[in-house]
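To start, the structure itself, in structure tokens.
In our numbering, the protein residues as written are 22 to 221.
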């Protein structure tokens, strides 16, 4: 009869105790450590495949405005995602519908947790933005789109959000034109933020 050792835990003096999984693995799984010694079975993400797609529960159709020249959060355009592997990349897609008076600029930037990402280089007093809409006509609501492939290198919950800012003065609006007259020439709009985990 072959010899065998049956244990629930493994411990080396001075190191964290490792607690073994309580069930068998399925095919192609690997053993994963949660960092505190608890071992479990996990499945490797498939490279190049979309593993999850998320967007805010309510896609914002609210009409918002700001006069801030510093970047501030756009209410409703925030989404948290927990990557299944530290090697995963996060593809962020967004489109904001921004209205401003003729000649004014509305800037939008992407933020991971509290860090701006996917923005332009520092250059004098210019705003470091991801995208921008220019009010060529105050009666029009313009799309301000953006796309960025991020590498957060974590399996912890990560929050992506959009911020916006106007120029030296003036008001910019979300999901409506600056003038916003109630007639058939004007529309109502939505702004969206979508995050996708891509296996690598």
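Even glycine gets a Cβ: it sits at the ideal position worked out from N, Cα and C.
Do residue i and residue j have their C-beta atoms closer together than 7 Å?
{"i": "residue 152", "j": "residue 165", "result": "yes"}
{"i": "residue 105", "j": "residue 180", "result": "no"}
{"i": "residue 210", "j": "residue 198", "result": "no"}
{"i": "residue 150", "j": "residue 126", "result": "no"}
{"i": "residue 174", "j": "residue 107", "result": "yes"}
{"i": "residue 97", "j": "residue 81", "result": "yes"}
Counting along the chain, where does the beta strand (DSSP E) carrying residue i start and finish?
{"i": "residue 221", "result": "Element bounds for residue 221: n/a, residue is neither H nor E."}
{"i": "residue 62", "result": "60 to 64"}
{"i": "residue 75", "result": "71 to 75"}
{"i": "residue 179", "result": "179 to 187"}
{"i": "residue 171", "result": "162 to 171"}
Excluding sequence positions up to five away, which residues of its chain have a Cβ less than 6 Å from the Cβ of residue i?
{"i": "residue 116", "result": "164, 166 and 213"}
{"i": "residue 194", "result": "86 and 120"}
{"i": "residue 74", "result": "217"}
Classify residue i: buried if its beta carbon has 16 or more other beta carbons within 10 angstroms, exposed otherwise.
{"i": "residue 144", "result": "exposed"}
{"i": "residue 54", "result": "exposed"}
{"i": "residue 32", "result": "exposed"}
Looking at the C-beta of residue i, does it have a partner C-beta in chain C at a distance below 7 Å?
{"i": "residue 107", "result": "The structure shown has no chain C; it contains just one protein chain."}
Just to check my reading of the structure: residue i and residue j have Cβ atoms closer than 8 Å, yes? What is that Cβ distance to the nearest angstrom?
{"i": "residue 111", "j": "residue 218", "result": "6 Å"}
{"i": "residue 64", "j": "residue 176", "result": "Not confirmed; about 14 Å, so no contact."}
{"i": "residue 133", "j": "residue 171", "result": "6 Å"}
Give me, in chain order, the residues of the same chain whose beta-carbon lies closer than 7 Å to that of residue i; leave out the 5 immediate sequence neighbours on both sides.
{"i": "residue 44", "result": "none"}
{"i": "residue 226", "result": "One cannot answer for residue 226 here, as it falls past the ends of the chain, which runs 22 to 221."}
Once you ignore the five residues that flank residue i on each side, which residues in its own chain have a CB closer than 8 Å to its CB?
{"i": "residue 76", "result": "100, 213, 214, 215 and 216"}
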